[in-house]
Structures are given as structure tokens and as C-alpha cells.
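Engineer: Next up is a structure, given as C-alpha cells.
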Amino acid sequence: MSNQQLSSKPQEKQTLLNKLRSGKAQRVLVMLTFMLVPLLLLFVFTYLPFIKMVQFSFYNRTYLDEGTWVGLKNYIDVFQRDDIFGSLAVSLYYMGGSVVQLALALFFASLMVFKAKGSAIYKACMFFPYLICGIAVGFIFKFFYAHGYVLDSILGLFGVALEDCPLWLQDMRINNIALVGTSVWRYTGQNMVLFLGAMMSVDNELYEAASLDGAGRWQQFKYIILPSIKTIIVLNLILSISGSLSAFEPPYVITNGTMGTGTYFVIMNRIAHENQKVGLACAMAIVLLAIIILCTVGQNLFFKYVFKDGAEDDAVRAQRKAERKAARLAKAKKGVA
Amino acid sequence: MGKLKEMRPGEIIFSIVQYVMLIGASLVAVTPVIVCVFTAFKTDTEYQAPPR
């Protein structure tokens, strides 16, 4: 080893130390130290369980034993078993319900945005169901729908005889609709508050100017409110559809998933905890995740198509801006020349 | 009353529909909870006896 090489080593060490002592390196070190704990927590409690779930989905196992490798059998079972894949049909009721829920929320938010006396009270009343936990909502509606109790009594006030009232939770033609009603009841207020928040951000002068120009309520809604809240509508729809695919509390508490009311989650819970088929339940979870991702991507594409005009407007505006900038630059260059 | 006279018929109808809808929706939202609260004060016999 030459003398030159021997002398360069301590110099390298010194430069590394100097680099570490520099302000930039210190900032990076502090950043990494702060990020370490949340990233570790995220990995341990979110990504690691997910990785384990993917691994379990290829095994035939219970919670306690190691299980045996079965490959894709669990996934094939998910698509072949009527009780599992058929339960996704129940989710269609909840999807339909979520659309109704959003329409109602948009309607009531629009009513409130056109000044109404006591709107804070109506808002509080309609948001209140969202504050009650899902299990309690289940118990409230179990009693509400029981034959001869609250709902039948209310219908009785309007002259409907008890004998004519259907069995809300036992009749397989309507029990899913009744259960979806509980979800709509619970979440409409929350959606309404989100819509209202977006509508409030619209400048009041726009409404005033529109009414001075003779625009009616419908025109104000169509041309001012709707374009201003399209982002919130898309967000609410994505949340509602993914929520409807993973509906659990109403059918679990009210009917325990019996009489054709078992949603995908209720069946998954039964398979994992009662039948102890953890591998199959994990495969169900992965399939549901794939379905939710597909639905979200589909919705995004759909809304890109629906709101194409707005996007085109933005593109045209951006193009014009770029053209103006280029013209200014060319003018400046000419001036310099 | 004077303000009501200033309003156009369409506005009056809209206001009526607006209040009816909002009050109705508020009642629908709170009725199940109110019934639940009242039921909490009932005895077992009262609770089990159907109201109709």
C-alpha cells in the first residue's frame, strides 16, 4: 500500500464526518428520525397484517394450527360457493341505497343552502343518527321493525291495519330493503353536512347575481351549486359504494345474516370465526379488496367521462395560458434583439 | 306578513315545500331515537306488550 493511499483514508473519514455535521445532513437525519416511528407503526399494524392475510389465503388453516398449502383453491371456492359469491348480490341493495342516500343528502343540503329559518336545528337533527354507533342503531331498528311495534304503529296512524303490515325483517322480498333503510337513515345526515360544507364555500354574491339576473332555484342549483361541488359528489359516491360493499353492522345485529340478509362481510365473519376457515376468509377479503379497487377505478373513469366538459375547459384554459406565455417570451426576445 | 306579500307565488310554494321537507326529514331522523329513549323507561311487561 502506498503512502498516498494511507493518508487519504483519514481524510475521507473527516469529510464524511463533516458531511454529517452539515446543516443539510442534520435536517435529513431529523426528518428520518421523525419518520421512523410512524413508518414502523404503519408497517407493523397495516402492511404486515395485510402481507400475512395474503399468505393465509393460500392455506387451509384455522387460527391455531399451521395449516396446509392449498394454492388457489380458496379463491376458486370464493367464486364457486353460492353462499359466498351470492352474498355480493345483497350488496347491490346497499349500492342502490347509497345512491338514494346521496340523492337525499344533496336534496336536503340544497334546501338548506337557500336560507331557511332554524336550519341549524334541522341540520343537527339530521346529522344526529351518524353520532350513534352502528351496534346501537342495529338494536334501535330491531325494535323499530318488529311486528306490531314502532313502524307498524306509525303506519296504523295512517289507517294501515296491522294484518296488512308486512313482516319487515322476515319477508325475504323486503327485508334487505328494510335493512338498507337503516344505513340510509344513518348516513344521509353525514353526506348532507359534507355537501353543505362544499356549497357554503360558494361565494354568496354568485347566488345574488344569479337571482338578480332572474335565475330560479333550479337554475341556481344546476349552474352554480352542482359544478362547484362535483369533487365532493365524486368523493361521497366512492366512499358510499365502497362502504356498501363492506356493509356489516345492520344485517349482523338485526337479523344475524339470516333469511337472505347476509352481506359479504357477515358471511366472511361467519366463515372466519364460526367455521374457523381462516384461509377461505382471507381469500374473501382479498377478492373484496379487488372488487372495491375495480369499482373505484370504474367510478373515476365514469366521472372523468361525465365531467369531460369541465376537464376540457381546464385544458383549453391551460393551452391559452401557455400560448400567451410563449408570445410574451417571443416579444421579450425581439425587444432584446 | 309584509315580507310574505312581497314574495312571488313561486317563492311562497318553494318555502312551504322547503319547510315541510326539512321538518319531515328531521322527524324521520329523530323518531327512532326518541322511541328508544322512551322505551328505556318502560318495565319489561310494558315493553313486551305490543302497543297495538
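Heads up: the protein sequence lines correspond to chains A and B, in order.
Numbering-wise, the numbering used here puts 159 at position 159 of the first sequence, and it's gapless, one number per residue.
Numbering-wise, the numbering used here puts 8 at position 8 of the second sequence, and it's gapless, one number per residue.
Note that CB positions come from ideal geometry on N, CA and C, so glycine has one too.
Got a sec, what are the start and stop residues for the alpha helix (DSSP H) N191(A) sits in?
Structural biologist: Segment N175 to M200, the alpha helix (DSSP H) holding N191(A).
Engineer: Should C125(A) be labelled buried (16 or more other beta-carbon atoms within 10 Å of its own) or exposed?
Structural biologist: With 16 or more other Cβ atoms within 10 Å, it is buried.
Engineer: Let me check understanding here. Comparing Cα to Cα, which of L36(A), D65(A), F139(A) and L16(A) lies closest to V35(B)?
Structural biologist: Out of L36(A), D65(A), F139(A) and L16(A), F139(A) has the C-alpha closest to the C-alpha of V35(B).
Engineer: What does the alpha-carbon distance come out to for the pair K73(A) and V287(A)?
Structural biologist: Their Cα atoms are separated by approximately 13 Å.
Engineer: What ranges does the alpha helix (DSSP H) occupy inside the region 228 to 297 of chain A, keeping only unbroken runs of at least 4 residues that lie completely in it?
Structural biologist: Runs of the alpha helix (DSSP H) inside the region 228 to 297 of chain A: 230 to 245 and 264 to 269.
Engineer: Taking a Cβ distance cut-off of 9 Å, strictly less, list which residues of the region 21 to 34 of chain B are near chain A, in chain order.
Structural biologist: Residues passing the 9 Å Cβ filter: M21, L22, I23, A25, S26, L27, V28, A29, V30, T31, P32 and V33.
Engineer: Using only the alpha-carbon positions, how far apart do M1(A) and S22(A) sit?
Structural biologist: Residue placement at M1(A) cannot be trusted, given a pLDDT of 48 that sits under 50; the coordinates are not used to answer.
Engineer: Note down, in chain order, each residue of its chain lying with its Cβ closer than 7 Å to the Cβ of Y63(A), except the 5 sequence neighbours on either side.
Structural biologist: Q276 and V278.
Engineer: Does any residue of chain A have a CB that is nearer than 8 Å to the CB of Q48(B)?
Structural biologist: No, Q48(B) does not count as interfacial toward chain A.
Engineer: Considering only residues of the same chain and omitting the five flanking positions on each side of A105(A), which have a CB-CB separation below 6 Å?
Structural biologist: Excluding sequence neighbours, A105(A) sits near T188, N191, M192 and F195.
Engineer: In the DSSP assignment, what residue or residues form a beta bridge with W69(A)?
Structural biologist: Y59(A), per the DSSP bridge assignment.
Engineer: Quick check on the burial criterion: 16 or more other C-beta atoms within 10 angstroms. Buried or exposed for R186(A)?
Structural biologist: That one is buried.
Engineer: Roughly how many whole angstroms lie between the Cα atoms of Y305(A) and E323(A)?
Structural biologist: Whole-angstrom Cα-Cα distance: 26 Å.
Engineer: Give a yes or no on whether the C-beta atoms belonging to A283(A) and S57(A) are separated by under 8 Å.
Structural biologist: Contact flag set, yes.
Engineer: Please classify R61(A) as buried or exposed, where buried requires at least 16 neighbouring CB atoms within 10 angstroms.
Structural biologist: That one is buried.
Engineer: Which chain B residues sit within Cβ distance under 9 Å of F108(A)?
Structural biologist: The contacting residues are M21, L22 and A25.
Engineer: How is D77(A) classed by DSSP in three states: helix, strand or coil?
Structural biologist: Here D77(A) sits in helix by DSSP.
Engineer: Thinking C-beta only, is N175(A) closer than 8 Å to M259(A)?
Structural biologist: In contact: M259(A) and N175(A) (Cβ atoms closer than 8 Å).
Engineer: In chain order, what residues of the same chain have a beta carbon less than 8 Å from the beta carbon of I267(A), not counting five sequence neighbours either side?
Structural biologist: Cβ within range, chain order: D83, I84, S87, G257 and M284.
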